[in-house]
Amino acid sequence: MEWATVQHLDLRHVDRGLKPLQPHAAAFHPTHALIAAAIGTYIVEFDAVSGSKISVIDIGSPVVRMEYSPTIGNAVVAILQDCTIRSCDFDSEQTCVLHSPEKRMEQISSDTEVHLALTPLQPVVFFGFHRRMSVTVVGTIEGGRAPTKIKTDLKKPIVNLACHPRLPILYIAYAEGLIRAYNIQTYAVNYTLQLDNTIKLTGAGAFAFHPTLEWVFVGDRRGTLLAWDVSTERPSMIGITQVGSQPISSIAWLPILRLLVTLSKDGNLQVWKTRVIINPNRPPMQANFFESAAIESMDITKILSQQGGEAVYPLPRIKTLAVHPKLNLTALLFANVTGGDNAKNRAAFTREGRKQLFAVLQSARGSSASVMKEKLSALGSSGVLADHQFQMQLQEHQLKGTPFLSTPTTP
Numbered sequence: 001m002e003w004a005t006v007q008h009l010d011l012r013h014v015d016r017g018l019k020p021l022q023p024h025a026a027a028f029h030p031t032h033a034l035i036a037a038a039i040g041t042y043i044v045e046f047d048a049v050s051g052s053k054i055s056v057i058d059i060g061s062p063v064v065r066m067e068y069s070p071t072i073g074n075a076v077v078a079i080l081q082d083c084t085i086r087s088c089d090f091d092s093e094q095t096c097v098l099h100s101p102e103k104r105m106e107q108i109s110s111d112t113e114v115h116l117a118l119t120p121l122q123p124v125v126f127f128g129f130h131r132r133m134s135v136t137v138v139g140t141i142e143g144g145r146a147p148t149k150i151k152t153d154l155k156k157p158i159v160n161l162a163c164h165p166r167l168p169i170l171y172i173a174y175a176e177g178l179i180r181a182y183n184i185q186t187y188a189v190n191y192t193l194q195l196d197n198t199i200k201l202t203g204a205g206a207f208a209f210h211p212t213l214e215w216v217f218v219g220d221r222r223g224t225l226l227a228w229d230v231s232t233e234r235p236s237m238i239g240i241t242q243v244g245s246q247p248i249s250s251i252a253w254l255p256i257l258r259l260l261v262t263l264s265k266d267g268n269l270q271v272w273k274t275r276v277i278i279n280p281n282r283p284p285m286q287a288n289f290f291e292s293a294a295i296e297s298m299d300i301t302k303i304l305s306q307q308g309g310e311a312v313y314p315l316p317r318i319k320t321l322a323v324h325p326k327l328n329l330t331a332l333l334f335a336n337v338t339g340g341d342n343a344k345n346r347a348a349f350t351r352e353g354r355k356q357l358f359a360v361l362q363s364a365r366g367s368s369a370s371v372m373k374e375k376l377s378a379l380g381s382s383g384v385l386a387d388h389q390f391q392m393q394l395q396e397h398q399l400k401g402t403p404f405l406s407t408p409t410t411p
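In the UniProt record's numbering, the protein residues as written are 1 to 411.
What follows is the structure, encoded as structure tokens:
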């Protein structure tokens, strides 16, 4: 299995300004093949399969975080840089202010960490700012529930929020790894997810849920991936693995492939399969629950070049991941790349790439094709050249029958 580009969403003509803008938020519709992308002060809705632009709405301020509402037909709920919570209905092309900050002059940036959680069981949205001590709930329709501040039973900084997709449960993640499950109506504590003191955690950076089983996946800011079985009165941890040293910023369940994908803050994307060995004579092995999936690593240059796209240099870091809950579609948002410096970056990056490639080829002089391929693959994992370029170089090498590949002279 491999990653392949379906569409490049054309956002070049949105919010025409002095310099090109880059999309900074995206979300899939929960049931339809629709995707919303935020760029500048605009939210654009696309057909996720054909790439056709359906609607463009100026929402007044750049989006920091947004999600499609699971209770309204075709609308997104967004937190904006002016700290307002707005609903944007694509069918009527109308926007509605759901909540305004107490301080009118308060502003945040698109990189500010804010937490947003929606439930399909009530037309409300839960939101909060990173490491604050409270959560606010407000209705998602005009004239709906008035803003209410929820005071939790713990006096700890809140680092994330999530709602269960099928049950009336709000998960509030606190610093140091503790997670509490609250009833969304009474706010009574249902249960707590917490490890013993032997495993150090920083706090949940991302949540994901299995579509049929009562499994909750948690990506910790310390780089630890955990799985909890919450089907019983006393939830138990069923899986744990160390993804890396970087915080996990996004996790999502791939419904068609039945795999879990994780994205770390440094842009490292990994795919995992889950396995449960039921043996009544032995307790489950938590360390064996997550296993690396047999799927090719993502070639960013190839992904950007497919379907009429264009690669940029240096290769951008994946910033955010969004997965459609029903379809085999994933959206990637990349860290901001300055458009004006693109040509200069490309030239410098190509020169550096040629130098590294020449050094590898010189060291592999006289080696077999398999050794050459291994060395080139190692070079490719650093983002210098794309996999399809390696294949082209190898084919030329094999056809000529030369002991090593040649490379153009560095200009």
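Note that the Cβ used here is the ideal one computed from N, Cα and C, for glycine as well.
- Under DSSP, the beta-bridge partners assigned to W253 are L260.
- Put simply, of L254, A335, F289 the residue whose alpha carbon is nearest the alpha carbon of I295 is L254.
- By the CB criterion at 9 Å, G244 and R317 fall outside the cutoff.
- By the neighbour-count definition (other C-beta atoms within 10 Å, threshold 16), L213 is an exposed residue.
- Per DSSP, the continuous alpha helix (DSSP H) segment holding I300 begins and ends at 300 to 305.
- Around the beta carbon of K149, a 10 Å sphere encloses fewer than 16 other beta carbons of the protein chains shown; the residue is thus reported as exposed.
- The Cβ neighbour count for S69, taken over all protein chains shown within 10 Å, is at least 16; the residue is labelled buried.
- Cβ-Cβ separation between G239 and L226: approximately 7 Å, consistent with a contact (criterion under 8 Å).
- By the Cβ neighbour-count rule, A335 is exposed, with fewer than 16 other Cβ atoms within 10 Å of its own.
- M237 has W228 as its beta-bridge partners, per DSSP.
- Cβ contact annotation for A117 (same chain, cutoff 6 Å, sequence separation greater than five): F126, L161, A162, C163, in chain order.
- Relative to the Cα of T224, the nearest Cα in the group S249, N190, S231, A36 belongs to S249.
- According to the DSSP assignment, Q270 belongs to the beta strand (DSSP E) that extends over 269 to 274.
- For N190, the enclosing beta strand (DSSP E) has its first and last residue at 189 to 193.
- Bridge partners of S109 according to DSSP: none are assigned.
- A straight line joining the alpha-carbon of T330 with that of A322 spans about 6 Å.
- In chain order, L154, K156, P157, I158, V159, R180, G203 place their CB closer than 8 Å to the CB of Y174, counting only its own chain and leaving out the 5 sequence neighbours on each side.
- Assignment of F358 by DSSP, reduced to helix, strand and coil, places it in the helix class.
- In the DSSP assignment, F46 falls within the beta strand (DSSP E) that extends over 42 to 47.
- Judged by their CB atoms, L193 and V230 are nearer to each other than the 9 Å cut-off.
- Taken through DSSP and simplified to helix, strand or coil, Q94 comes out as strand.
- Burial state of D196 is exposed, judged by a 10 Å Cβ sphere holding fewer than 16 other Cβ atoms.
- Look at S87 here: in three-state DSSP terms it is strand.
- Q286 has its alpha-carbon roughly 39 Å from the corresponding atom of T140.
- Here K103 is exposed: its Cβ has fewer than 16 other Cβ atoms, across all protein chains shown, within 10 Å.
- In this structure, T119 and I184 form a Cβ contact; the two beta carbons are roughly 6 Å apart against a cut-off of 8 Å.
- For V49 and H13, the gap between their C-alpha atoms comes out near 20 Å.
- Shown here for P23: same chain residues with a beta carbon closer than 7 Å to its own, the five before and five after excluded, namely L11, A37, A38, I39, L333 in chain order.
- In terms of Cα proximity to V189, the closest of F28, I172, V371 is I172.
- In this structure, DSSP gives S297 a state outside helix and strand, which the three-state scheme calls coil.
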